[in-house]
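First to last, the protein sequences are chains A and B. For the first sequence, this note's numbering assigns the number 535 to the initial residue and increments by one for each residue that follows. For the second sequence, this note's numbering assigns the number 535 to the initial residue and increments by one for each residue that follows.
2 protein chains.
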Amino acid sequence: MKENYSQWYNDLVVKADLAENSAVRGCMVIKPYGYAIWEKMQAELDRMFKETGHVNAYFPLFIPKSFFSKEADHVEGFAKECAVVTHYRLKNAPDGKGVVVDPAAKLEEELIVRPTSETIIWNTYKNWIQSWRDLPILCNQWANVVRWEMRTRLFLRTAEFLWQEGHTAHATKQEAIDETFKMVNVYASFAENFMAMPVIKGHKSANERFAGALDTLCIEALMQDGKTLQAGTSHFLGQNFAKAFDVKFADKEGKLEYVWATSWGVSTRLMGALVMAHSDDNGLVLPPKLAPFQVVIVPIYKKDDQLKGISEKVAEIEKQLKAEGISVKYDDSDAKKPGWKFAEYELKGVPVRLAIGPRDLENGTVEVARRDTLTKEVVNIEGIEKYVAGLLEKIQDGIYQKALDFRDKHITSVDTWDEFKDVLANKGGFISAHWDDSPETEQKIKDETKATIRCIPFDAVEEKGKCIYSGKPSNKRVLFGIAY
Amino acid sequence: MKENYSQWYNDLVVKADLAENSAVRGCMVIKPYGYAIWEKMQAELDRMFKETGHVNAYFPLFIPKSFFSKEADHVEGFAKECAVVTHYRLKNAPDGKGVVVDPAAKLEEELIVRPTSETIIWNTYKNWIQSWRDLPILCNQWANVVRWEMRTRLFLRTAEFLWQEGHTAHATKQEAIDETFKMVNVYASFAENFMAMPVIKGHKSANERFAGALDTLCIEALMQDGKTLQAGTSHFLGQNFAKAFDVKFADKEGKLEYVWATSWGVSTRLMGALVMAHSDDNGLVLPPKLAPFQVVIVPIYKKDDQLKGISEKVAEIEKQLKAEGISVKYDDSDAKKPGWKFAEYELKGVPVRLAIGPRDLENGTVEVARRDTLTKEVVNIEGIEKYVAGLLEKIQDGIYQKALDFRDKHITSVDTWDEFKDVLANKGGFISAHWDDSPETEQKIKDETKATIRCIPFDAVEEKGKCIYSGKPSNKRVLFGIAY
Chain A
535 MKENYSQWYN DLVVKADLAE NSAVRGCMVI KPYGYAIWEK MQAELDRMFK ETGHVNAYFP
595 LFIPKSFFSK EADHVEGFAK ECAVVTHYRL KNAPDGKGVV VDPAAKLEEE LIVRPTSETI
655 IWNTYKNWIQ SWRDLPILCN QWANVVRWEM RTRLFLRTAE FLWQEGHTAH ATKQEAIDET
715 FKMVNVYASF AENFMAMPVI KGHKSANERF AGALDTLCIE ALMQDGKTLQ AGTSHFLGQN
775 FAKAFDVKFA DKEGKLEYVW ATSWGVSTRL MGALVMAHSD DNGLVLPPKL APFQVVIVPI
835 YKKDDQLKGI SEKVAEIEKQ LKAEGISVKY DDSDAKKPGW KFAEYELKGV PVRLAIGPRD
895 LENGTVEVAR RDTLTKEVVN IEGIEKYVAG LLEKIQDGIY QKALDFRDKH ITSVDTWDEF
955 KDVLANKGGF ISAHWDDSPE TEQKIKDETK ATIRCIPFDA VEEKGKCIYS GKPSNKRVLF
1015 GIAY
Chain B
535 MKENYSQWYN DLVVKADLAE NSAVRGCMVI KPYGYAIWEK MQAELDRMFK ETGHVNAYFP
595 LFIPKSFFSK EADHVEGFAK ECAVVTHYRL KNAPDGKGVV VDPAAKLEEE LIVRPTSETI
655 IWNTYKNWIQ SWRDLPILCN QWANVVRWEM RTRLFLRTAE FLWQEGHTAH ATKQEAIDET
715 FKMVNVYASF AENFMAMPVI KGHKSANERF AGALDTLCIE ALMQDGKTLQ AGTSHFLGQN
775 FAKAFDVKFA DKEGKLEYVW ATSWGVSTRL MGALVMAHSD DNGLVLPPKL APFQVVIVPI
835 YKKDDQLKGI SEKVAEIEKQ LKAEGISVKY DDSDAKKPGW KFAEYELKGV PVRLAIGPRD
895 LENGTVEVAR RDTLTKEVVN IEGIEKYVAG LLEKIQDGIY QKALDFRDKH ITSVDTWDEF
955 KDVLANKGGF ISAHWDDSPE TEQKIKDETK ATIRCIPFDA VEEKGKCIYS GKPSNKRVLF
1015 GIAY
């Protein structure tokens, strides 16, 4: 991990059976163990969306090309990286070898595989909205999207990825702004309470804003190599898409007004964040709340009759753990040795391992190992379920606290350009610095250092200062970093 | 419904807020109420798949064109109806109006939007399988697929649809065959126990088999217009895809063998089946187990102070119902009259409606209306939760029984060609008849009558007879019908 973080990450994702590259450029296969983590993320997020009044729906995969031209910034942001469907049929090749595209089956208008769905959804909302009574609309969809990235990395940047995209429609500007904040708070709460990953909430600068948004809110996290990762965004879209698709509503006085919009999303990128936030050289470290199984039990035995006694005791333990709502896997396969299994489940990030042998049976004990700290202790089987339940909570908190300590040590305030470059080169993390609020300065800083403004934190305090780059006046610090 | 079944179906799907056509030819928008039913279907099916040992994964949306040529029948079956991605970028139009496909961004090899995933998955399994220890692989994926249908109908036949596709790999032929049967049984159990829709399990004839399968098992249902609907299929693929993608494993003796395969799927087509199996001229009739909410409570009042008393009582009732695991919506909006609400929730197929007014409060009663039978009765509020719980079970059973009676009345045994044509024209349903086992005869029958063999039922009894069309000998009856 220390030697080559990038290689470590890629190896870990593959070795821990999370995902792998497919035969299609930039598209990944999410393997069952990785998908099981994503399903847990989905379940929690979906619950949180529904608790905040949202419903799910599904919109088409394809977007007519002309829809993209309707919102100027949007087409600028997405046209350069999209998969285009031009034909709807193959036919046998004239030479009899394989199949070729049938030129007779050319579409009148090309279809874009959705890179995001604002355009097709607002074209639909046009028919759903006539009066203030039809508002708000609070829809979310779980879907796949495609952005033709040139340099891809498993989970972090892939041509196809899975995500959710919320698209809401409101009668007033304030209500839409409130929604934008509500959802970034949902994302922050999910990241911190489930992923055990501390995040900073803030506004994006104009340069980093979503194509078509008036304001983009985000949660930003720190990875263990000192780079930052945008983990979720929530956009206040103003009336841009309503104007592009002519979506008006009659207000209570009967006056026609354009509808206000938000959109917000998180993706399988969170899987990459989860791996990079907590893992170590032994493999994944999963927070108990997202682990496909929280406890693995490994029997230690030499003779088959020993296994029988152990398995009987394990059956009792499993039952007690499950009654506490703890998910358990008992690995009694005889194809592998305990040492191999220990390494395998460390690699997979299983939070707690129980090992039990003949001597444990005699003593009424079990060996309990924590994945996060790699510590072990011998514990009485009596009451083991309460002990493990408490331990899982400790691990969830411990992982979060460790990431928080690391993050807080890597927020550095600097006041000069030299300091800025020095911290960026030698320490990494977030750099808190004054900035003159101009896109040009941000671009110059990016050109010289690769650092960008990750966010203008919600909790930034008013403070007079000078821009570290231009020397122009500034009234608050923003956070810079090198981003994934 | 009786006058124009097809129009009735389409109107109902739209009016009940299940789905609507989108701006993209053949692609639908699944609206929140429709999606909520689909989510319930997904949850139950997913649970059943996991209980039978399957895990979820995710494979790419795109399939390289060359993969299709590797399995001869498969390409024949799917090449004629697929969306083809040929470019990966748009650019600003030379005339400044909108965007055009960038000819410089042409893909070296075209990508097909998956119509089904056997090819990309078996290309992946090649790397997952070396030895018998790697088998079986029991993966499922929830995904969208695209088949460029020329004539589309909401849910029943759409260019894009949502589905699940299971893809399993086995060491022996028998194990793969067992899996194929296991999954068609899972589908039948889901259709009957959750959708309240009786189905007939059987084999497809060669003409109706999946492109690339050695045997296709299916569940077939009867709709209220006498047409039949294929609701789910499970395919025994033999070693076809293993051979096409060169997937071999070393058996326990170290001998290399090709892997045996199955695939199985159900789709949003089930939504169409659900609508057509039970609904009536008043709207949807939903089985309680799949209804987004099972009970709606409507207050009947004239003055606002009456509403307050009613709402207090309803809060108690809601709490009691929820404690029984019953989902409830209380519609106390004052924008609509009770009569409007009654019609609306009948349209939406809510299984049970409770209406409560001031006189009910005095008497400690509530009016209970059943959606399926459209009957009403006055019931004591005391113990209402047990009463409603029992009623929901009765409705679930009642809907199933009604559909079963209808289905059983519409399985007609015929022994002559004239009878066959007569029943098909005047009664519809399944026709049980002898057939000479030849694809040519089936094709001729289809050409003359549009009827096809829906399945060769598992429970078909040995019986000597003569093919109704060719007069050749036959040893069992098969089921014909006009299919959706």
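Note that the Cβ used here is the ideal one computed from N, Cα and C, for glycine as well.
Report, in whole angstroms, the separation of the C-beta atoms of residue i and residue j, which I expect to be a contact under 8 Å.
i	j	result
phenylalanine 596/B	valine 558/A	5 Å
lysine 761/A	tyrosine 1018/A	6 Å
asparagine 741/A	glutamate 919/A	Asparagine 741/A to glutamate 919/A, Cβ: 52 Å. No contact.
isoleucine 851/A	glycine 891/A	That belief does not hold up - the Cβ atoms of isoleucine 851/A and glycine 891/A are roughly 14 Å apart, past 8 Å.
leucine 829/A	leucine 888/A	Checking the sequence shown, residue 829/A turns out to be valine, not leucine. Rounded, the Cβ-Cβ distance is 6 Å, consistent with contact.
phenylalanine 728/B	glutamate 578/B	5 Å
phenylalanine 612/A	phenylalanine 602/A	7 Å
alanine 747/A	valine 733/A	Their Cβ separation, rounded to whole angstroms, is 19 Å, which puts alanine 747/A and valine 733/A out of contact at 8 Å.
valine 948/A	isoleucine 1002/A	7 Å
Tell me which residues share the same chain as residue i and place their Cβ nearer than 6 Å to its Cβ, disregarding the 5 neighbours each side in the sequence.
i	result
valine 674/B	Reading off the sequence shown, one finds asparagine at residue 674/B, where the question assumed valine. Excluding positions up to five away in sequence, the list reads Phe583, His588, Asn590, Gln698 and Gly700.
leucine 958/A	Thr983 and Ala985
asparagine 816/B	Glu880
lysine 574/A	Leu824
threonine 767/B	Thr750 and Cys752
tryptophan 798/A	Gly700, Met717 and Ser768
leucine 672/A	Gly587, His588 and Thr702
methionine 757/B	Leu763 and Met810
Only counting the same chain, and skipping five residues up and downstream in sequence, which positions put a Cβ closer than 8 Å to that of residue i?
i	result
glutamate 683/B	Gly560, Glu615, Arg691, Thr692 and Ala693
threonine 802/A	Ile564, Trp572, Phe689, Thr692, Phe695, Leu696 and Trp697
asparagine 544/B	Arg687 and Leu688
glutamate 927/B	Pro822
isoleucine 933/B	Ala730, His812, Val819, Pro821 and Asp906
Let me check one thing: in DSSP terms, what residues is residue i bridge-paired to?
i	result
phenylalanine 770/B	Asp749/B and Thr796/B
alanine 553/B	Ile564/B
phenylalanine 1014/B	Ile965/B and Ile987/B
serine 1008/A	Gly999/A
asparagine 678/A	Leu696/A
tyrosine 864/A	Ile831/A
valine 900/B	Val913/B
glycine 736/B	Cys752/B and Pro991/B
Which class does residue i belong to by DSSP, given the choice of helix, strand or coil?
i	result
isoleucine 834/A	coil
alanine 710/B	helix
valine 957/B	helix
glycine 817/B	strand
valine 619/A	strand
threonine 950/A	coil
glutamate 642/B	strand
glutamine 664/B	coil
phenylalanine 596/A	strand
asparagine 626/A	strand
alanine 705/A	coil
asparagine 590/A	strand
lysine 782/B	strand
serine 801/B	strand
Cutting at 7 Å between CB atoms, please list the residues of its own chain near residue i, excluding the five before and the five after it.
i	result
lysine 980/B	Thr986
valine 634/B	Leu624, Lys625 and Ala627
glutamate 713/A	Thr702, His704 and Thr796
aspartate 636/A	His621, Arg623, Leu624 and Lys625
methionine 805/B	Leu552, Gly568, Ile571, Trp572 and Phe689
threonine 1022/A	This structure leaves residue 1022/A out entirely; chain A is present only between 535 and 1018.
**OP:** Could you list the residues in the segment 617-638 of chain A with a C-beta less than 9 Å from some C-beta on chain E, going in chain order?
**Re:** Included in the structure are the protein chains A and B, with no chain E among them.
Subject >> Cβ contact (3+ pairs, closer than 8 Å) linking the segment 857-872 of chain A and the segment 803-819 of chain A >> reply: no
Original post:
Do the segment 660-672 of chain B and the segment 776-795 of chain B touch if we need at least three Cβ pairs shorter than 8 Å?
Top reply: yes
**OP:** Report yes or no: do the segment 607-624 of chain A and the segment 618-630 of chain B share at least 3 C-beta pairs separated by less than 8 Å?
**Re:** yes
**OP:** State whether the segment 600-610 of chain A contacts the segment 644-661 of chain A, with contact taken as three or more CB pairs (one from each stretch) at a distance under 8 Å.
**Re:** yes
Original post:
Do the segment 956-971 of chain A and the segment 702-722 of chain A meet, that is, are 3 or more Cβ pairs less than 8 Å apart?
Top reply: no
Original post:
Per the contact definition of three or more C-beta pairs closer than 8 Å, is the segment 846-860 of chain B in contact with the segment 921-930 of chain B?
Top reply: yes
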